[in-house]
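Visitor: Got a structure here, written out as structure tokens. Questions coming.
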Amino acid sequence: MEILIRKDYAAMCDEAAGLLAEEIRRKPALVLGLATGRTPLGVYERLIRLHKDGKLDFGRVRTFNLDEFISLGPDHPRSFHHELRTHFLDHVNIPRQNIHSLVGLIHNVEHYCEVYERKISAAGGIDIQIVGIGRNGHIGFNEPGSSLGSRTRPKTLAEETLADHRKAFPPGEEVPRFCVTMGIGTIMEAKRVLLLAAGAEKAEIVRKAVEGPITAAVPATVLQVHPRTATILDEPAASKLESARYWKWIDENKAKLDEIARPKE
Ligand code: GLP
197 MEILIRKDYA
207 AMCDEAAGLL
217 AEEIRRKPAL
227 VLGLATGRTP
237 LGVYERLIRL
247 HKDGKLDFGR
257 VRTFNLDEFI
267 SLGPDHPRSF
277 HHELRTHFLD
287 HVNIPRQNIH
297 SLVGLIHNVE
307 HYCEVYERKI
317 SAAGGIDIQI
327 VGIGRNGHIG
337 FNEPGSSLGS
347 RTRPKTLAEE
357 TLADHRKAFP
367 PGEEVPRFCV
377 TMGIGTIMEA
387 KRVLLLAAGA
397 EKAEIVRKAV
407 EGPITAAVPA
417 TVLQVHPRTA
427 TILDEPAASK
437 LESARYWKWI
447 DENKAKLDEI
457 ARPKE
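Letter 231 of the sequence shown, counting from 1, is numbered 427 in the numbering used here, and no numbers are missing.
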């Protein structure tokens with residue numbers, strides 16, 4: 197796992213947006229897995245800015261959303277589909293037909309999830325998947341105990357996840373208890389994963405995810421066996437890492453190692 201620690205949220209977002217922009221320039225028809233939550237918002241802002249400045253073309257990019265609340269339609273302001281549209285997709289030139297969302301208002305959820313998996317395969321698989329991390333270690337909505345080989349499916353949300361989402365919903369409106377989420381197996385098949393975490397309240401779970409034993413009890417730990425995961429953290433989120441000094445040392449030497457490993461012709 198590559199661990200990049202940046203001094204604050206802005207620097208973390210600069211790093212992540214730079215990495216994504218580089219991937220899109222290298223492969224204009226990139227298949228991008230999108231996550232919601234507060235953490236990636238600054239990354240989306242930077243990608244939009246690059247696009248508006250004429251420095252990044254999304255004209256061939258294809259996207260797949262990571263998860264969604266069951267029972268919220270795509271226009272519901274708290275649906276992840278709506279969030280991704282307002283914070284990212286409506287501001288860049290990704291063709292509508294290239295945008296794939298898990299929709300929360302569907303009749304046969306299980307069948308729908310199978311079709312979603314087939315669409316990902318038909319696109320050639322996800323090139324780079326953005327994920328955040330829940331306080332209980334979930335990635336997407338794969339709550340503790342989720343099978344590490346799971347596929348896209350409906351799930352019941354943990355009580356602490358419902359509590360975390362409570363403040364985003366108006367008083368009187370219940371947080372949906374059920375969701376659809378890409379599975380851990382689905383996420384693990386992405387060619388590259390970008391795990392983002394910011395803020396001191398994520399420090400303990402980040403320590404477990406990065407340095408703890410691999411266990412379904414902390415779903416994000418599975419990324420330790422993914423061949424190409426970049427974890428980008430701000431200092432507060434990295435503050436409980438026992439090996440922070442080591443990760444910084446590796447990062448400081450990265451450019452030099454790249455030169456040796458991939459010499460320019
Ligand atoms: C939700 C989403 C996750 C996200 C997590 C963390 O539960 N399903 O995909 O990673 O929240 O959100 P935040 O970035 O706001 O801390």
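The beta carbon of each residue, even a glycine, is placed where N, CA and C say it ideally should be.
Got a sec: does ligand 1 put a non-hydrogen atom nearer than 7 Å to the Cβ of Ala440?
Guide: False, no ligand heavy atom lies under 7 Å from that Cβ.
Visitor: Which residue wins for smallest C-alpha separation from Leu344, given the options Thr417, Pro273, Met197 and Thr259?
Guide: If we check each option's Cα against that of Leu344, Thr417 comes out closest.
Visitor: Please identify the residue among Gly379, Lys436 and Glu241 whose C-alpha is closest to the C-alpha of Glu407.
Guide: Nearest C-alpha to Glu407: Lys436.
Visitor: Cβ of Ile401 within 8 Å of Cβ of Ile329?
Guide: For Ile401 and Ile329, yes; Cβs fall inside 8 Å.
Visitor: Only counting runs of 3 or more residues, tell me where the beta strand (DSSP E) segments fall wholly within the region 293-363, in order along the chain.
Guide: Qualifying beta strand (DSSP E) stretches, in chain order: 324-327 and 349-352.
Visitor: Would you check whether ligand 1 has a heavy atom nearer than 7 Å to the C-beta of Phe337?
Guide: Checking the Cβ of Phe337 against ligand 1 gives yes.
Visitor: Whose C-alpha, out of His287, Arg292 and His272, is nearest the C-alpha of Arg258?
Guide: Among His287, Arg292 and His272, the Cα nearest to that of Arg258 is on Arg292.
Visitor: If we count the other Cβ atoms within 10 Å of its Cβ and call it buried at 16 or more, is Arg221 buried or exposed?
Guide: Burial call: exposed.
Visitor: Helix, strand or coil: how does DSSP classify Gly381 here?
Guide: Note: Gly381 maps to helix in three-state DSSP.
Visitor: Beta-carbon within less than 8 Å of His247's beta-carbon, same chain only, minus the 5 sequence neighbours each way: which residues are those?
Guide: Asp253, Phe254, His287, Val288 and Asn289, listed in sequence order.
Visitor: Would you mind reading off the limits of the beta strand (DSSP E) that contains Ala225?
Guide: Where Ala225 is concerned, there is no enclosing beta strand (DSSP E), given that its DSSP letter is neither H nor E.
Visitor: For ligand 1, I want to know if Ala231 counts as a neighbour, meaning its beta carbon is within less than 7 Å of at least one of the ligand's heavy atoms.
Guide: Checking every heavy atom of ligand 1 against the Cβ of Ala231, one is found closer than 7 Å.
Visitor: Is the beta carbon of Arg362 within less than 7 Å of some heavy atom of ligand 1?
Guide: For ligand 1, not one heavy atom lies less than 7 Å from the Cβ of Arg362.
Visitor: Does the region 225-233 come into contact with the region 449-461, if we say contact requires no fewer than three beta-carbon pairs (one atom in each stretch) closer than 8 Å?
Guide: No, they do not touch.
Visitor: Can you give the Cα-Cα distance for Ala396 and His283, rounded to whole angstroms?
Guide: C-alpha separation (whole angstroms): 24 Å.
Visitor: Specify the secondary structure class of Thr232 as computed by DSSP and reduced to three states.
Guide: If DSSP states are grouped into helix, strand and coil, Thr232 belongs with coil.
Visitor: Leu301: which of Arg314, Ile324, Glu313 and Ser267 sits nearest, CA to CA?
Guide: Of the candidates Arg314, Ile324, Glu313 and Ser267, the one whose C-alpha sits nearest the C-alpha of Leu301 is Ser267.
Visitor: My parser needs the alpha helix (DSSP H) runs of 4 or more residues fully inside the region 408-441; what are they?
Guide: Counting whole runs of 4 or more residues, the region 408-441 contains the alpha helix (DSSP H) stretches 431-434.
Visitor: Would you give the residue range spanned by the alpha helix (DSSP H) that Arg258 belongs to?
Guide: Per DSSP, Arg258 belongs to no alpha helix (DSSP H); it is in the beta strand (DSSP E), Arg258 to Asn261.
Visitor: Between which two residues does the alpha helix (DSSP H) harbouring Ile199 extend?
Guide: It is not in any alpha helix (DSSP H) - Ile199 instead sits in the beta strand (DSSP E) that spans Glu198 to Arg202.
Visitor: Which residue or residues does DSSP assign as beta-bridge partners of Ala393?
Guide: Paired residue(s): Leu429.
Visitor: Taking the alpha-carbon positions, what's the Phe365 to Gly320 distance?
Guide: Cα to Cα, Phe365 sits roughly 36 Å from Gly320.
Visitor: Using three-state DSSP, classify Phe276 as helix, strand or coil.
Guide: In this structure, Phe276 counts as helix in the three-state DSSP scheme.
Visitor: Alpha carbon to alpha carbon, how far is Glu339 from Lys404?
Guide: Glu339 and Lys404: Cα-Cα distance of roughly 15 Å.
Visitor: What is the rounded straight-line gap between the Cα of Ser342 and the Cα of Glu211?
Guide: For Ser342 and Glu211, the distance between alpha carbons rounds to 30 Å.
Visitor: Is Thr357 close to chain B? Criterion is C-beta to C-beta, closer than 8 Å.
Guide: Note that chain B does not occur in the displayed structure, where there is just one protein chain.
Visitor: Hey, could you find the ends of the alpha helix (DSSP H) Lys452 is sitting in?
Guide: Element bounds for Lys452: Lys450 to Ala457.
Visitor: Between Ala225, Val227 and Pro236, which lies nearest to Asp430 when the distance is taken from Cα to Cα?
Guide: Measuring from the Cα of Asp430, the nearest candidate turns out to be Pro236.
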